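The block underneath contains the structure these notes are about, expressed in structure tokens.
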Amino acid sequence: MRREVMPIDHIPVLDQSSGGCSHLTELLSLPHPPIAPGHPTGFGGRDRFELSPHTLDGVSMVQRCVLILLLLAPTAAHAGAWTLSKGRYWSKITLMTQSTDEEYVSIGVAGRPPDIQRIYEPGDRAPYAERGKYESRAVFVDLWYGVTDRLDIGLLVPWFRQTFVNDALLIGFGEARVASGISDVRGFLKVNLIKDPFVGSIKLGAKAPTGELINEEGIVPVGEAQWDIDIVAQIGKSFWPVPLYAGLDIGYRFRTKNEELDRDPGNEIVFIAELGATPTSWSLLAIKLEGIRGQKGKILGVANDSLRKRVTYLSPTAGLGPWNDIRFEAASRISLNGRGFPAGPLFTVGLTYEGRLL
170 MRREVMPIDH IPVLDQSSGG CSHLTELLSL PHPPIAPGHP TGFGGRDRFE
220 LSPHTLDGVS MVQRCVLILL LLAPTAAHAG AWTLSKGRYW SKITLMTQST
270 DEEYVSIGVA GRPPDIQRIY EPGDRAPYAE RGKYESRAVF VDLWYGVTDR
320 LDIGLLVPWF RQTFVNDALL IGFGEARVAS GISDVRGFLK VNLIKDPFVG
370 SIKLGAKAPT GELINEEGIV PVGEAQWDID IVAQIGKSFW PVPLYAGLDI
420 GYRFRTKNEE LDRDPGNEIV FIAELGATPT SWSLLAIKLE GIRGQKGKIL
470 GVANDSLRKR VTYLSPTAGL GPWNDIRFEA ASRISLNGRG FPAGPLFTVG
520 LTYEGRLL
């Protein structure tokens with residue numbers, strides 16, 4: 170008897186009743202605001218003891234925050250190398266929150282308390298200028314469908330509410346800058362190439378400029394007005410009967426030019442390494458290392474190193490379920506280093522559901 174279990178955001182879950190494991194979670198789909206992270210995880214199950222993918226300162230800083238959010242938005246809850254069986258669908262809704270008064274600076278800066286004499290180099294963790302504070306709330310809706318046993322299609326729709334405030338904004342505008350709305354939507358296609366001795370797949374992704382980009386001082390946009398194309402190689406391995414799994418995703422993101430602003434963001438390397446365990450048939454524990462390594466971008470045709478985006482997160486995750494094919498997941502993404510990104514942890518909770526459409 171074959172029974173599949175939905176993943177809680179890319180973390181495989183071992184379905185001992187059928188000998189199935191869910192799949193690995195994935196990163197990177199937040200729009201690239203000027204800077205803001207965010208992304209969840211999920212898991213699901215499959216047959217034959219395999220893990221399955223069910224299983225700047227001031228205003229310029231604000232804009233960087235937006236870019237990063239878009240940059241790190243969840244890529245697709247149904248990620249990892251495993252694919253769904255034909256006719257199965259996997260869905261997930263994820264809530265994300267972050268509140269921080271620190272950033273990983275993209276250029277050398279000084280004059281920030283508590284030590285205004287200190288010179289921060291690119292990549293250093295520092296307080297926002299002018300006692301700045303960034304907050305983000307997001308909702309991600311992931312949908313995946315198994316066209317065949319080896320071909321999946323997916324869609325990610327993000328919604329953001331972002332706030333940035335500092336002393337300069339309060340003086341100049343009298344209030345915090347707030348923006349909310351649907352961000353840039355991502356579509357995916359995943360093809361499974363290898364089943365044994367490990368699971369190997371290729372995932373293609375495209376980000377469409379559906380989010381609104383407001384190019385005004387003090388506004389935090391929820392879109393970037395440019396396209397991204399992702400190519401990701403995915404490898405997964407279940408160690409059943411030992412209730413462990415491992416996964417590795419390595420990809421390259423081609424980022425097109427924003428013609429309206431004459432802004433050409435640098436291309437990026439993205440990666441996710443994950444190790445998980447299913448101590449019981451209804452629980453999952455996982456640890457994930459994920460990150461982005463961006464190249465130098467251009468503004469008005471001139472190379473600008475401040476556009477280089479880099480960040481690394483360590484993400485402990487726990488999942489429970491299923492109950493009537495519904496699973497619950499909670500995770501924290503702890504920033505280890507970065508450049509042009511907000512510093513500090515992100516927190517996510519998510520619910521996944523899997524069923525058969527046809």
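Just so you know, we're using our numbering here: the sequence shown kicks off at 170 and counts up by one.
We treat Cβ as the ideally placed atom computed from N, Cα and C, and that holds for glycine.
Just so you know, these numbers come straight off a predicted model, no measurement behind them.
Return helix, strand or coil for residue i, following the three-state DSSP convention.
i: Leu312; result: strand
i: Arg432; result: strand
i: Ile383; result: coil
i: Glu523; result: strand
i: Phe218; result: Interpretation of Phe218 is limited by its pLDDT of 28, a score under 50 that renders its predicted location unreliable; no figure is taken from the coordinates.
i: Thr210; result: Summary for Thr210: the model assigns pLDDT 30, below 50, so the residue's position carries little reliability; its value from the coordinates is reported in the next sentence. It is coil, neither helix nor strand.
i: Arg119; result: The requested residue 119 does not occur in the structure, where the chain is confined to residues 170 to 527.
i: Ile262; result: strand
i: Thr517; result: strand
i: Ala337; result: helix
i: Arg257; result: strand
i: Glu299; result: helix
i: Glu195; result: The pLDDT assigned to Glu195 is 35, lower than 50, so where the model puts this residue is not dependable; a value taken from the coordinates is nonetheless given after this. Note: Glu195 maps to coil in three-state DSSP.
So, under 8 angstroms CB-CB, residue i and residue j are touching, yes? Tell me the CB distance rounded to an integer number of Å.
i: Gly420; j: Val401; result: 3 angstroms
i: Phe367; j: Gly315; result: About 20 angstroms; that fails the 8 angstroms criterion.
i: Leu505; j: Thr481; result: 5 angstroms
i: Pro327; j: Ala307; result: 6 angstroms
i: Arg355; j: Leu325; result: 4 angstroms
i: Ala446; j: Pro491; result: Not really, about 17 angstroms apart at Cβ, beyond 8 angstroms.
i: Asp353; j: Gly323; result: With 8 angstroms as the limit, Asp353 and Gly323 do not qualify as a contact, their Cβ atoms being about 15 angstroms apart.
i: Gln395; j: Lys426; result: 6 angstroms
i: Gly249; j: Gly416; result: 5 angstroms
Identify the continuous beta strand (DSSP E) that holds residue i and give its terminal residues.
i: Ser501; result: Ile495 to Arg508
i: Tyr273; result: Glu271 to Tyr273
i: Tyr482; result: Arg479 to Trp492
i: Trp328; result: Leu320 to Val334
i: Pro551; result: Only positions 170 to 527 of the chain appear in this structure, which leaves residue 551 out of reach.
i: Gln464; result: Looking at the DSSP string, Gln464 is not in any beta strand (DSSP E), and its letter there is neither H nor E.
i: Ile528; result: Beyond the ends of the chain as shown, which are 170 and 527, falls residue 528; an answer cannot be given.
i: Asn361; result: Arg355 to Ile363
i: Arg413; result: In the sequence as displayed, the identity of residue 413 is Leu instead of Arg. Taken as a continuous stretch (DSSP letters only), the beta strand (DSSP E) holding Leu413 covers Leu413 to Arg424.
i: Val136; result: Past the edges of the chain, shown from 170 to 527, lies residue 136, and the structure says nothing about it.
i: Asn473; result: Val471 to Asn473
i: Lys376; result: Val368 to Lys376
i: Arg346; result: Arg346 to Ile351
For residue i, which option in the options has the closest C-alpha, if you only look at C-alpha atoms?
i: Thr517; options: Val274, Thr317 and Val310; result: Val310
i: Ala487; options: Gly507, Gly463, Glu443 and Leu526; result: Glu443
i: Glu459; options: Ile340, Ile495, Arg502 and Ile363; result: Arg502
i: Glu344; options: Ser254, Ile456 and Phe333; result: Phe333
i: Leu454; options: Leu489, Gly463, Asn427 and Asp433; result: Leu489
i: Gln403; options: Ser260, Lys372 and Trp409; result: Lys372
i: Ala295; options: Arg508, Lys255 and Phe329; result: Arg508
i: Lys457; options: Asp433, Leu476 and Ser484; result: Ser484
i: Val439; options: Glu429, Glu428, Arg422 and Leu358; result: Arg422
i: Tyr273; options: Ile495, Leu476, Phe497 and Leu320; result: Leu476
i: Gly524; options: Ile495, Ser407 and Gly277; result: Ile495
i: Asp336; options: Pro410, Tyr297 and Ser275; result: Tyr297
i: Leu469; options: Gly249, Asp293 and Glu428; result: Glu428
i: Gly256; options: Ser407, Leu320 and Tyr289; result: Leu320
i: Gly280; options: Leu338, Asn493 and Arg300; result: Arg300
Between residue i and chain B, is there a C-beta pair that is closer than 9 angstroms?
i: Ser254; result: No chain B appears in this structure, which consists of one protein chain only.
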